[in-house]
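These protein sequence lines map, in sequence, to chains A and B. Residues in the first sequence are numbered consecutively from 5, following the working numbering. Residues in the second sequence are numbered consecutively from -1, following the working numbering. Note that CB positions come from ideal geometry on N, CA and C, so glycine has one too. If you're wondering where the values come from, they're calculated on a predicted model, not measured in any experiment.
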Amino acid sequence: MALLEIKNLHASVAGKEILKGVTLALEPGEVHAIMGPNGTGKSTLSNVIAGREGYEVTKGQVLLDGEDVLAMAADERARAGIFLAFQYPVEIPGVTTSAFLKTALNAKRRAAGEKEIDAMEFMKLVKKKTEALGMPYDMIKRALNVGFSGGEKKRAEVLQMTMLEPRVAILDETDSGLDIDALRVVSDGVNSLRAPDRAFLVITHYQRLLDYIVPDHVHVLANGRIAASGGKELALELEAEGYAKYLNAAA
Amino acid sequence: MKPSLITDHPFGEAYAKHLGVAPWRGDLPGPKVEEWRFTPLRSLAKIAFAPASEDVDVDAIPRNVPRIPGAVRLVLVNGVYRQDLSGTGLGKGVEVFQGKVAAKQGSSLVALNAAYAPASLALHVTAAAKKVIHIISIGAAGSQPTAFHPRINVTAEPGSAITLVESHVGLPGETYFSNPVATIAVGEGASVRRYVSVDEDSEAFHLATSLVTVAGGGNYEAFHLGLGGALTRQEIRIALTGENANVRLNGAYALRGASHHDFTTVMDHAMPHCTSSQVFKGVVDGESHGVYQGRIHVARLAQKTDARQEHKALFLSRGPAIDCKPELEIYADDVQCAHGAATGEIDENHMFYLESRGIDPETARALLVEGFLADAVNEISVEAVRDQFVADIGNWLKRRGAQ
């Protein structure tokens, strides 16, 4: 059984159909990349899977280990193991990164029937994870994402991912706004999480990210459908030739 | 009959007779008095309050009163100092005694307090006080509506320093009305930190007046928290009377049900080169009503004043109301004054972000509310007190979840 299965997914925003039958299966251990031009439904797909309000699923299914994801509230999906690394992480004044991380981690632990993490253990864990991502430990004392640079925000997303250890991680244009050094650090963080029981869905506009996070499968999303699928060489082809032929074919 | 006054109130002859003192001849402010426009006292005036009866026995400090590490507790029950419940070992730098209550002219409520306050709890600060003083005012009505009038006087001598915490709480029973007056004189170069938490019983009335003077080079830092009570007003009047005095006055309130809370502040800059800053934040739910009135007065002499004031409120539902009235009266020309006010709701994008990390909606909302209040609460410079106030707000939020 696939770890994450998307079956004929149709979704609308404000009455306008954006996803028109997306089908995709992520096996454990795999990295799938979704590429496509702007406005083709890439972010809609990630938001629908994560459970953001304002998206209406009109048809189809999303299954995590065979469980109906669409029937769960957003927080339940996260505790079940879905993680969305946001393209634009929001700034939340007054809420420290550390309070937030601890609350999220304990929510997950409680759901798994584990005991809550104590302060010392938490500190140690954060120290280890921030070091690995080349982040100063003190950053967790700052308000969540407030005043963070683009690169810091993306690192903070990856930090959360490494703390929460999801089953399925969706990276929504994680490369946007990153310089080459930050891209490498973020990619290293993602790669360190690659595991036989975990899958990734990497949504990106550019092939560049896929030099660092090498996918097993690449899909082209055009006009709300998967227009083509292939191996990592498909990304290179898209980079060279653009999306025009898929847009025309789909139209 | 004057429409600006409530003459028909329970604090006249009969009340005075119970106490065996001369009656208060004054009246309560009515809705036509500008400063009381948003906080009507009619419902209070209709209740047959009597002085606290002697047979109400309180033999312990309620458990929900926080224990501030290293602090000495001074306890008032229905406004009367209770040595048997109070701690000892004040340490150097401060003396505590029961003083006379000056029949000073002031607002109606200050005069009412002066008429019926049994004695003042007086603190004389002579040097840098070794210990934090924690004043606990307990309201206990028993079987009939009870009024009481705590009076706290703090005199900080030049160069002295002290940290005060005040907890205003109540015991379940009939409704009560606490009418505390605190007079605080910060001497030249002295430093007073005062952290007030009002968490009265849900049926109680609390109308507090703080009268503060800060002499040259003096520092006054205060934080006022309002969490409970049916009707609460914390009126804080501060006069900066010498050059280079600094005041930081901050506060937060969290309301639900039909609670009403009013912060009224008057910052009076009389002398040059002084600074004052105010950050007030409120969270409102249910059918509650929050009020912030902040007046900054800068006298012509008070050049180089830097005075700032901010009030922000967060609505947790559509039912509550907020009234906010900033007033700047500036008669000096070389000053920096600013005020800001805003209201808003919880940002759905913030909620989704937290939920997408597995945090349930109730906890997510609590985190965001604490976060909203944080930039006021973080102004508390004593960590143990800040932690306590954060915990108090956390408990308020849990009560919300339990409803």
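Practice prompt. Just tell me which of A:T48, A:L168 and A:A103 has its CA closest to the CA of I207 (chain A).
Written response: As a position in the first sequence, residue 207 (chain A) is number 203, starting the count at 1. When each option's Cα is compared against that of I207 (chain A), the closest is A:T48.
Discussion item. Below 8 Å on the Cβ atoms is my contact criterion, and I expect T303 (chain B) with H267 (chain B) to pass it. Report the Cβ-Cβ distance as a whole number of Å.
Written reply: In the second sequence, residue 303 (chain B) corresponds to position 305, counting from 1. In the second sequence, residue 267 (chain B) corresponds to position 269, counting from 1. Right, their Cβ atoms sit about 5 Å apart.
Discussion item. According to DSSP, I236 (chain B) sits in a beta bridge with which residue or residues?
Written reply: Locating residue 236 (chain B) in the second sequence gives position 238, where the first residue counts as 1. The partner list for I236 (chain B) (beta bridge, DSSP) reads B:V210 and B:M265.
Discussion item. Using CA atoms only, rank isn't needed, just tell me which of B:G91, B:G89, B:L72 and B:K90 is closest to D82 (chain B).
Written reply: Here the question's residue 82 (chain B) lines up with position 84 in the second sequence. It is B:L72.
Worksheet item: Which partner residues does H309 (chain B) have in the DSSP bridge list?
Response: Reading the second sequence from its first residue, position 311 is the one you call residue 309 (chain B). H309 (chain B) pairs with B:F278 and B:A339.
Worksheet item: Are three or more beta carbon pairs between the region 225 to 245 of chain B and the region 202 to 210 of chain B nearer than 8 Å?
Response: yes
Item to complete: Have a look at A364 (chain B) and E11 (chain B) and give me their C-alpha separation to the nearest angstrom.
Response: Against the second sequence, residue 364 (chain B) aligns to sequence position 366. Against the second sequence, residue 11 (chain B) aligns to sequence position 13. Near 48 Å, if we compare the C-alpha coordinates of E11 (chain B) and A364 (chain B).
Fill in: Distance, F261 (chain B) Cα to L223 (chain B) Cα
Position 225 of the second sequence, counted from the start, is the residue given in the question as residue 223 (chain B). Position 263 of the second sequence, counted from the start, is the residue given in the question as residue 261 (chain B). Between L223 (chain B) and F261 (chain B), the C-alpha separation is close to 10 Å.
Worksheet item: Is the CB-CB distance between D358 (chain B) and L314 (chain B) below 8 Å?
Response: If you number the second sequence from 1, residue 358 (chain B) lands on position 360. If you number the second sequence from 1, residue 314 (chain B) lands on position 316. Against a cut-off of 8 Å, the Cβ pair of L314 (chain B) and D358 (chain B) comes out as no contact.
Practice prompt. Report the partner residues of R149 (chain B) according to the DSSP bridge assignment.
Written response: The residue given as residue 149 (chain B) occupies position 151 in the second sequence. Looking at the DSSP assignment, R149 (chain B) forms a beta bridge with B:V179.
Discussion item. According to DSSP, simplified to helix, strand and coil, what is A255 (chain A)?
Written reply: In the first sequence, the residue the question calls residue 255 (chain A) occupies position 251. Confidence at A255 (chain A) is low in this model, with a pLDDT of 47, below 50, so the placement of that residue should be treated as unreliable; the coordinate-derived value is given next. Three-state result, A255 (chain A): coil.
Worksheet item: Is there at least one Cβ from chain E nearer than 8 Å to L314 (chain B)'s Cβ?
Response: Note that chain E does not occur in the displayed structure, where the protein chains are A and B.
Discussion item. Please list, in chain order, the chain B residues whose beta carbon lies closer than 7 Å to that of A54 (chain A).
Written reply: Locating residue 54 (chain A) in the first sequence gives position 50, where the first residue counts as 1. Those are S354, listed as they occur along chain B.
Worksheet item: Looking only at its own chain, which residues have a Cβ that is under 6 Å from the Cβ of A220 (chain B), when we skip the five neighbours before and after it?
Response: As a first step, residue 220 (chain B) must be located in the second sequence, where it is residue number 222. If we look at A220 (chain B) and ignore the five residues flanking it on each side, its Cβ neighbours are R192 and L247.
Worksheet item: Taking DSSP as the reference, what is the three-state secondary structure of A20 (chain B)?
Response: Residue numbering aside, residue 20 (chain B) sits at position 22 when the second sequence is read from its first letter. Coil, per DSSP.
Worksheet item: Which whole-angstrom value describes the C-beta separation of G45 (chain A) and L23 (chain A), a residue pair presumed to lie in contact below a C-beta threshold of 8 Å?
Response: Taking the first sequence and counting its residues from 1, the one referred to as residue 45 (chain A) is at position 41. Taking the first sequence and counting its residues from 1, the one referred to as residue 23 (chain A) is at position 19. Confirmed, about 5 Å.
Discussion item. I need the DSSP call for D179 (chain A), collapsed to helix, strand or coil.
Written reply: Taking the first sequence and counting its residues from 1, the one referred to as residue 179 (chain A) is at position 175. D179 (chain A): coil per DSSP, three-state reduction.
Worksheet item: Nearest to A237 (chain B) by alpha carbon, out of B:G185, B:S158 and B:G85?
Response: Looking up residue 237 (chain B) in the second sequence gives position 239. That would be B:G185, whose Cα lies nearest to the Cα of A237 (chain B).
Discussion item. Buried or exposed for V123 (chain B), going by 16 or more other Cβ atoms inside 10 Å?
Written reply: Sequence index remark: in the second sequence, residue 123 (chain B) carries index 125 (1-based). So V123 (chain B) ends up on the buried side.
Practice prompt. Compare the C-beta of L8 (chain A) against all C-beta atoms of chain B and say whether one is closer than 8 Å.
Written response: Numbered from its first residue, the first sequence carries residue 8 (chain A) at position 4. Chain B contact via Cβ: absent.
Discussion item. Per DSSP, what are the beta-bridge partners of H223 (chain A) in this structure?
Written reply: Position 219 of the first sequence, counted from the start, is the residue given in the question as residue 223 (chain A). H223 (chain A) pairs with A:I38 and A:S233.
Worksheet item: Tell me, which residues are paired with S165 (chain B) by DSSP?
Response: Within the second sequence, residue 165 (chain B) is the residue found at index 167, counting from 1. DSSP output for S165 (chain B) lists B:I134 and B:S195 as bridge partner(s).
Fill in: Sequence-distant residues of its chain with Cβ nearer than 8 Å to E177 (chain A) (five each side left out)
Mapped onto the first sequence, residue 177 (chain A) falls at position 173. The answer, listed in chain order, is K46, S47, Q91, I207, T208 and H209.
Worksheet entry | Separation of S102 (chain A) from I144 (chain A), as counted between CA atoms | Counted from its first residue, the first sequence places residue 144 (chain A) at position 140. Counted from its first residue, the first sequence places residue 102 (chain A) at position 98. In a straight line, the C-alpha of I144 (chain A) is about 5 Å away from that of S102 (chain A).
Discussion item. Against chain A, which members of the region 358 to 375 of chain B pass a CB distance test of less than 8 Å?
Written reply: D358, P359, T361, A362, L365, L366, E368, G369, F370, L371, A372 and D373
Item to complete: Compute the distance between the beta-carbons of D197 (chain B) and L169 (chain B), then report whether it is under 8 Å.
Response: Working through the second sequence from its first residue, we reach residue 197 (chain B) at position 199. Working through the second sequence from its first residue, we reach residue 169 (chain B) at position 171. Not in contact: D197 (chain B) and L169 (chain B) (Cβ atoms no closer than 8 Å).
Discussion item. Quick check: the Cα distance between A255 (chain A) and N227 (chain A), rounded to an integer number of angstroms?
Written reply: On the first sequence, residue 255 (chain A) is found 251 positions in, with the first residue counted as 1. On the first sequence, residue 227 (chain A) is found 223 positions in, with the first residue counted as 1. Interpretation of A255 (chain A) is limited by its pLDDT of 47, a score under 50 that renders its predicted location unreliable; the figure taken from the coordinates is listed afterwards. The straight-line gap from Cα to Cα measures roughly 7 Å.
Discussion item. Closer than 8 Å is the cut-off here; do at least three beta carbon pairs connect the region 262 to 281 of chain B with the region 47 to 55 of chain B?
Written reply: no
Worksheet item: When you compare only the Cα positions, how much space is there between L168 (chain A) and L109 (chain A)?
Response: Residue numbering aside, residue 168 (chain A) sits at position 164 when the first sequence is read from its first letter. Residue numbering aside, residue 109 (chain A) sits at position 105 when the first sequence is read from its first letter. Whole-angstrom Cα-Cα distance: 6 Å.
Discussion item. Please state whether the Cβ-Cβ distance between A203 (chain A) and E34 (chain A) is less than 8 Å.
Written reply: The sequence position of residue 203 (chain A) within the first sequence is 199, counting from 1. The sequence position of residue 34 (chain A) within the first sequence is 30, counting from 1. Yes, the pair counts as a contact, with Cβ atoms nearer than the cut-off.
Worksheet item: Are the region 127 to 134 of chain B and the region 60 to 72 of chain B in contact at 8 Å, needing three or more beta carbon pairs?
Response: yes
Worksheet item: What does H348 (chain B) reach in chain A if we use C-beta pairs closer than 8 Å?
Response: In the second sequence, counting from the first residue as 1, residue 348 (chain B) sits at position 350. V94 and I96, listed in chain order.
Worksheet item: How about Y251 (chain B): is its C-beta nearer than 8 Å to some C-beta of chain A?
Response: Here residue 251 (chain B) is taken as the residue at index 253 of the second sequence, counted from 1. By this cut-off, Y251 (chain B) is not an interface position.
Item to complete: Please confirm whether any heavy atom of the ligand GTP lies closer than 7 Å to the CB of R254 (chain B).
Response: Ligands displayed in this structure: none; no statement on the ligand GTP is therefore possible.
Worksheet item: Does the region 251 to 261 of chain B come close enough to the region 340 to 356 of chain B that 3 or more CB-CB pairs lie under 8 Å?
Response: no
Discussion item. Which residue marks the beginning of the beta strand (DSSP E) containing H222 (chain B), and which one marks its end?
Written reply: Here residue 222 (chain B) refers to the residue found at position 224 when the second sequence is read from its first residue. Where H222 (chain B) is concerned, the enclosing beta strand (DSSP E) stretches over N217 to G224.
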